[in-house]
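Everything on this sheet refers to the single structure shown next.
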Amino acid sequence: MPTITFTPVIGPACLPTQRFDIENKILKVTGWGFTTPYGPPSDVLKKTNLIGYNHGHCGQFYKMVLNAVFERNDPYQVCTSQLNTSQCRGDSGGPIMWLDPDTNRYTLVAAVSFATPICHQYPQVNSDISYFEPWIQQVISETYPEEKTCAKVV
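Residue numbers (full-length UniProt numbering): 1 to 154.
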């Protein structure tokens with residue numbers, strides 16, 4: 001496995017050990033996706049802040065505007081939004097992180113999943129990392145048994 005040298009600006013993101021309530025939290029998303037709804041993708045890594053919302057926020061929007069179903073109690077989805085900025089096409093799979101003020105480390109709370117084609121105006125749906133954390137740990141331990149992940153000790 002290639003070596004990563006940690007610096008003040010390069011470090012690990014911790015994994016959540018339980019479901020993390022993102023409601024009203026400021027989250028950071030990074031990616032190389034479109035910076036406008038119709039492209040092109042970015043040549044440099046971009047970052048922006050998002051706000052976490054409860055499931056009802058996305059559910060109401062997707063039902064009302066798109067006539068689509070968003071399960072309010074879906075255990076593996078979380079909702080984010082921020083006016084005039086967001087993840088967009090090309091950012092799928094990218095990290096959504098929360099800076100833990102106790103540890104001053106980022107925790108990976110979600111991965112970009114999907115949004116509407118007009119990225120910067122509507123809420124986005126993301127995969128909740130805590131739901132997949134046991135599987136992530138299993139794959140890491142089977143693939144790289146000598147490697148460890150970080151998590152906050154509560």
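C-beta: ideal position from N, C-alpha, C; glycine also.
Query, Result
"Which same chain residues end up closer than 6 angstroms to residue 42 when comparing Cβ atoms and leaving out the 5 residues on each side of it in sequence?", "32, 35"
"Does any C-beta atom of chain D lie closer than 9 angstroms to the C-beta of residue 94?", "Structure shown: chain D not included; a single protein chain is present."
"State the start and end residues of the unbroken alpha helix (DSSP H) segment that holds residue 118.", "Neither: residue 118 is in no alpha helix (DSSP H) and is coded neither H nor E."
"Identify, in the order they occur along the chain, each residue of the same chain with its Cβ nearer than 8 angstroms to the Cβ of residue 23, setting aside the five sequence neighbours on each side.", "52, 53, 54"
"Which residue spans inside the UniProt domain \"Peptidase S1\" (1-141) form an unbroken beta strand (DSSP E) run of at least 3?", "26-31, 46-53, 77-81, 95-100, 105-114, 124-128"
"Applying the 10 Å Cβ sphere with the 16-neighbour rule, what's the burial state of residue 126?", "buried"
"Since residue 129 contacts residue 108 with CB under 8 angstroms, what's their CB separation in whole angstroms?", "5 angstroms"
"Check whether the stretch 78-96 touches the stretch 134-149, taking contact to mean three or more Cβ pairs, one atom from each stretch, closer than 8 angstroms.", "no"
"Measuring only the C-alpha atoms, how far is residue 155 from residue 149?", "The first residue shown for the chain is 1 and the last is 154, placing residue 155 beyond what the model contains."
"With a threshold of 6 angstroms on Cβ separation, who are the neighbours of residue 119 within its own chain once the five nearest residues in sequence on each side are excluded?", "37, 86, 88"
"Suppose you measure from the CA of residue 63 to the CA of residue 144; what does that come to, to the nearest Å?", "43 angstroms"
"According to DSSP, is residue 143 part of a helix, a strand, or is it coil?", "helix"
"Nearest to residue 57 by CA position, among 81, 152, 18, is which residue?", "81"
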